[in-house]
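J.: Handing you a structure now.
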Amino acid sequence: MESKLQLRVQRYGWDAAAAIYEQEWAQNLAPAQEAMLAASDLRPGNDVIETAAGTGLVTFAAARAVAPDGQILATDLSGEMVERGAAQAQRLGLDNVTFQRMNSEALESEEDRFDRALCCLGLMYMPNPVVALSEMKRVLKPGARVSVAVWGERRRCGWAELFPIVDARVHSEVCPLFFGLGASGALSSDMEAAGFSRIEEQRLDLSLVFDGEERALAALIDGGAVALATKRFDAATRQAVDQELLASIADYREGDRFTIPGEFVIASAFA
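Residue numbering for the sequence shown follows the numbering used here, beginning at 163 and increasing consecutively.
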């Protein structure tokens with residue numbers, strides 16, 4: 163898909179998902195986010211740029227870690243995500259955070275500005291991950307650190323049938339290579355291509371827990387990558403998609419609860 167079209171799909175897709183994303187995903191994504199933050203080695207006084215920041219699930223923890231003098235520039239392609247993140251930062255009294263709508267492949271920043279760059283579960287949505295990584299390197303000071311998290315291998319993510327189920331009804335055009343960076347060595351290879359060095363990579367096997375069918379469907383469909391595509395479904399199509407997705411995760415059902423395997427890849431490197 164043409165990059166401009168992909169970016170448009172991502173922007174409006176996450177606008178559609180924003181209201182539900184944080185509510186349904188915050189707890190399940192927390193371990194991966196914490197692992198990425200640990201790998202970033204944030205210090206008080208660090209100036210940080212975060213791409214694909216969403217509503218601030220990583221941003222606010224980072225802001226506290228670099229306080230009082232460090233600043234966070236949190237960027238996202240989705241205007242709705244940015245608005246929600248900025249409002250939450252204000253409610254929390256975090257005056258060292260600035261949210262700005264920005265394309266990660268064309269960061270609006272001078273070179274050699276930041277001490278750290280973060281991108282948690284956003285890089286696999288970007289049309290050109292190496293370009294996005296190269297932009298992070300450009301705005302980092304020499305020797306500064308980048309930390310990135312992506313979803314792992316398709317076969318290790320029990321919810322992965324979501325994409326073909328949706329695409330069978332309407333071509334979602336949502337990141338056809340979604341699991342590409344989860345392949346062995348793929349993320350490190352792209353980071354190296356972008357000019358980073360001393361790359362360290364780890365894999366985390368974690369469970370995604372959803373209490374009941376409604377919560378699972380809300381998270382996977384309405385609060386995630388296919389939210390925009392499913393807005394085009396009529397009631398009958400949506401019901402069919404719901405049932406097929408539930409069937410695909412039936413093996414992970416324990417009473418009313420779903421415990422679905424998921425894998426994450428965490429990588430850090432130096433500019």
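Beta carbons are placed, not taken as given, at the ideal position from N, Cα and C, and that holds for glycine.
According to the Cβ coordinates, are L279 and F261 closer than 8 angstroms?
T.: Inspection of the sequence shows that residue 279 is occupied by Ala rather than by Leu. Result no, Cβ atoms of A279 and F261 do not sit closer than 8 angstroms.
J.: Does the distance from the CB of T213 to the CB of C281 come in under 8 angstroms?
T.: Yes, Cβ-Cβ distance for T213 and C281 is below 8 angstroms.
J.: Going by DSSP in three states, Q185 sits in which element: helix, strand or coil?
T.: Of the three classes helix, strand and coil, the one that applies to Q185 here is helix, per DSSP.
J.: Grab me the residues of A402's own chain with a C-beta within less than 8 angstroms of its C-beta, minus the 5 sequence neighbours each way, in chain order.
T.: Cβ within range, chain order: R331.
J.: Using CA coordinates, which residue listed in V312, A380, V259 is at the minimum distance from A181?
T.: Selected option, being the one with the closest Cα: A380.
J.: If you check the beta carbons only, do W321 and M286 fall under 8 angstroms apart?
T.: It is not a contact, given that the beta carbons lie outside the stated cut-off.
J.: State the Cα-Cα distance for the pair A397 and K299, rounded to the nearest angstrom.
T.: Looking at the two C-alpha atoms, the distance is approximately 46 angstroms.
J.: Quick check on T217: buried or exposed, where buried means 16 or more other Cβ atoms within 10 Å of its Cβ?
T.: Flag for T217 reads buried.
J.: Taking C-beta to C-beta, are P291 and D367 nearer than 8 angstroms?
T.: Cβ distance not < 8 angstroms, so P291 and D367 don't count as in contact.
J.: For A424, write down the residues that DSSP places opposite it in a beta bridge.
T.: Looking at the sequence provided, one finds Gly at residue 424 rather than Ala. Beta-bridge pairing links G424 to L368.
J.: Check the DSSP bridge columns for C282 and list the partner residues they point to.
T.: In the DSSP output, where bridge partners are listed per residue, C282 has A311.
J.: Kindly indicate which three-state DSSP category G207 falls into: helix, strand or coil?
T.: If DSSP states are grouped into helix, strand and coil, G207 belongs with coil.
J.: With burial defined as no fewer than 16 other Cβ atoms inside 10 Å of the residue's Cβ, what is the status of A433: buried or exposed?
T.: Looking at its Cβ environment, which holds 16 or more other Cβ atoms inside 10 Å, A433 is buried.
J.: Report the rounded CA-to-CA distance for S359 versus V310, giving the unit in angstroms.
T.: When rounded, the distance between both Cα atoms is 14 angstroms.
J.: Helix or strand or just coil, what does DSSP make of Y304?
T.: As written in the sequence, residue 304 is Pro, which differs from the Tyr given in the question. The answer is strand: DSSP assigns P304 an E or B state.
J.: Since I believe P304 is in contact with D274 (beta carbons under 8 angstroms), could you give me their beta-carbon distance rounded to a whole number of angstroms?
T.: About 7 angstroms; that satisfies the 8 angstroms criterion.
J.: So, for L283: in the same chain, excluding its five sequence neighbours on each side, which residues have a beta-carbon less than 6 angstroms away from its beta-carbon?
T.: Same-chain partners within the cutoff: A311.
J.: Please report the residue range of the alpha helix (DSSP H) in which R377 lies.
T.: 375 to 379 is the extent of the alpha helix (DSSP H) around R377.
J.: If you count every other CB in all the chains shown that lies within 10 Å of the CB of L339, and 16 or more means buried, which is it?
T.: That one is exposed.
J.: Sort out for me which residues DSSP pairs V259 with in a bridge.
T.: Beta-bridge pairing links V259 to I234.
J.: What are the boundary residues of the alpha helix (DSSP H) that P326 is part of?
T.: Here the alpha helix (DSSP H) through P326 covers 324 to 329.
J.: Under DSSP, the alpha helix (DSSP H) around S346 begins and ends at which residues?
T.: Unbroken run through S346: none, as it is neither H nor E.
J.: Leaving out the 5 sequence neighbours to the left and right, which residues in its chain are closer than 8 angstroms to R226 when beta-carbon positions are compared?
T.: Here the set comprises L256.
J.: List the endpoints of the continuous alpha helix (DSSP H) containing A391.
T.: Its alpha helix (DSSP H) spans residues 389 to 392.
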